[in-house]
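Peer 1:
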Amino acid sequence: MSKIDCTATIIKLLLFFSNVFFWIVGILVIGFGIWVIQQESELLGDNADTEVYKIVYSVTIVIILVGVIVFIVAFVGCIGTIRENITILNVFIGLLIAEVVVELSLIVVGFSLYETIKDEVIDSLKDTLVYYLDSPSIRDLIDTFQQAFLCCGVSTKGYKDWKVNEYYGCKENNPFYLACSVPWTCCIGAKDDQETMINRMCGKGVLEDKSENIGAIYTEGCIDAVHNKLKSNLSIVLGMVTGVFFLQIIGIFLAFLLRVTIKSNQSEINRPTNNSEEDNE
18 MSKIDCTATI IKLLLFFSNV FFWIVGILVI GFGIWVIQQE SELLGDNADT EVYKIVYSVT
78 IVIILVGVIV FIVAFVGCIG TIRENITILN VFIGLLIAEV VVELSLIVVG FSLYETIKDE
138 VIDSLKDTLV YYLDSPSIRD LIDTFQQAFL CCGVSTKGYK DWKVNEYYGC KENNPFYLAC
198 SVPWTCCIGA KDDQETMINR MCGKGVLEDK SENIGAIYTE GCIDAVHNKL KSNLSIVLGM
258 VTGVFFLQII GIFLAFLLRV TIKSNQSEIN RPTNNSEEDN E
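Take the sequence shown: its letters are residues 18 to 298, numbered as in the working numbering.
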C-alpha cells in the first residue's frame, strides 16, 4: 500500500466513524422530538391550547429540524466517504460550512434579542400559573420545575407571580384557604423532603405585604434561577458549544484532506509509467 493509500484510509476511517456518530445522534434527536409531540396532549391534558403548549411545540419542532439536518449532513458525509466521490464530498463540506454559519448567526441573534425572547417566554409561562390547580399535568410540570431550580413563580417578581392564580391570589373576596399563599414546592427544603414534608402551607400569607413566612420560601423567579444556573455553569456550556464547533471544523478539515488525497491518488494512477513511455517510443 502506497503512502497516499494509507493516508486516505486513515482519513476515511476517521471521517466515516465521526459521521456515523452524528448520524446516530440525529436519529436519537428526531426520535426524542417525535416522542415529545406524541406526549404533549397527554402531558397537558385539557389545556393543550395554552401558551406553554405552543412554546413546547415550537421548541420541539426546532429540535426535530435540527435532528433532520444533522442526520442528512452525516448521511451525505458517510456516502461521500465510502464512495470516495469528490462531488459528494464537496456537497458535504458546503453543508458543514453552512451549518457553522447558521449556528453562529443564531447565537448572535439570540444574544441580541435575549431580553425580548426572555420577556415573551415569561409572559407565556405566567399564563400557565392560572391553570395550576385546574390541570394536574400543568401542576406537576410547574412543581417539578420549581423543585429542580429552587425557585417560585416565573418572572423577576418571583413568588409574587402567584397573585394571578384565583386560588392563591390575595384579593379581599378570595374565599379559598390558599389565599395569599404559594404552592408547597416554593417551600425551602421541598426538593429534599417532598415525601415526608408535613407543613405544606409554609408559604401561607406570603403574598401579603407584611408576612413572617417569607423566609420559609424561595423568592426568586424560575427564569432568573435558570439564567443564574447557566451562568454559574458557563464554563460547561461554553465547553459544549466549543466542542460542537470543533467537531464540525474537524469534519470540514478531514473532508477537505480526503478530497485532496483522492485527487492525488487519481493523479498517481493516471500518470503514465516510464515503461509505457518507452514502449510508445
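Positions of the beta carbon are idealized from the N, C-alpha and C atoms, including for glycine.
1. Using only CA atoms, which one of V254, F166, S154 lies nearest to Q56?
2. Hey, how far is the Cα of L82 from the Cα of V261?
3. Do three or more CB pairs link the region 234-247 to the region 99-119 at distances below 8 Å?
4. Cα-Cα, which of T24, S35, C187, V171 is closest to I269?
5. Can you find the residues in the same chain that come closer than 6 Å, C-beta to C-beta, to S172, ignoring five residues on each side of it along the sequence?
6. For the structure I just gave you, are there three or more beta carbon pairs, one from the region 119-136 and one from the region 72-82, closer than 8 Å?
7. Take the Cβ of W52 as the centre, count every other Cβ of all protein chains shown within 10 Å, and call the residue buried at 16 or more, exposed below.
8. What's the C-alpha gap between I47 and T161?
9. Suppose the cutoff is 8 Å on Cβ atoms and the five residues either side in sequence are ignored; what does the same chain contact list for E298 look like?
10. Leaving out the 5 sequence neighbours to the left and right, which residues in its chain are closer than 6 Å to E294 when beta-carbon positions are compared?
11. Please identify the residue among I114, G175, N190 whose C-alpha is closest to the C-alpha of P200.
12. Take the Cβ of L182 as the centre, count every other Cβ of all protein chains shown within 10 Å, and call the residue buried at 16 or more, exposed below.
13. Using the C-alpha atoms, what's the distance from G50 back to V147?
14. For the alpha helix (DSSP H) containing E225, list its first residue and its last residue.
15. Using beta-carbon positions only, say whether I110 and A272 come within less than 8 Å of one another.
16. Can you confirm whether A196, when its beta carbon is compared against all beta carbons of chain D, has any partner nearer than 8 Å?
17. In terms of alpha-carbon separation, which member of I267, S281, S284, L275 lies closest to I114?
18. Measure the C-alpha to C-alpha separation of Y194 and G206 and round it to an integer number of angstroms.
19. Just to confirm the assignment, what range does the alpha helix (DSSP H) spanning Y131 have?
20. Please go through the same chain and pick out, in chain order, the residues whose beta-carbon is closer than 7 Å to the beta-carbon of Y235, but skip the five residues on each side of it.
21. May I ask you to report which of helix, strand or coil DSSP gives I47?
22. Using the DSSP secondary-structure output, state which residues sit across from C203 in a beta bridge.
23. Determine the direct distance from the alpha carbon of I134 to that of L30, and round the result to whole angstroms.
24. Kindly give me the distance between the Cβ atoms of V117 and Q265, rounded to whole angstroms, as I take these residues to be in contact under 8 Å.
25. Taking only runs that begin and end inside the region 225-278, name each unbroken alpha helix (DSSP H) of 4 or more residues, in chain order.
26. Less than 8 Å between the C-beta atoms of K180 and L224, yes or no?
27. Where M18 and V93 are concerned, what is the direct C-alpha to C-alpha distance, given to the nearest angstrom?
Peer 2: In brief:
1. S154
2. 17 Å
3. no
4. Of the listed residues, the one whose Cα sits closest to I269 is S35.
5. I139, D178, G238
6. no
7. By the 10 Å Cβ count, W52 comes out exposed.
8. 25 Å
9. Residue placement at E298 is poorly supported in this model, since its pLDDT is 47, which falls under 50; the coordinates still yield a value, given next. None.
10. Interpretation of E294 is limited by its pLDDT of 47, a score under 50 that renders its predicted location unreliable; no figure is taken from the coordinates.
11. G175
12. Sequence check: residue 182 is Asn here, not Leu. Answer is buried; the Cβ neighbour count reaches 16.
13. V147 and G50 have their C-alpha atoms spaced approximately 27 Å apart.
14. Segment: none, E225 is in no alpha helix (DSSP H) and carries neither H nor E.
15. Contact: yes.
16. In summary, chain D is missing from the structure at hand, where a single protein chain is found.
17. I267
18. If you take the alpha carbons of Y194 and G206, they lie about 22 Å apart.
19. 131-146
20. L167, C168, C169, C203, I205
21. helix
22. None; C203 has no bridge partner.
23. 42 Å
24. 5 Å
25. Counting whole runs of 4 or more residues, the region 225-278 contains the alpha helix (DSSP H) stretches 239-249.
26. yes
27. Interpretation of M18 is limited by its pLDDT of 49, a score under 50 that renders its predicted location unreliable; no figure is taken from the coordinates.
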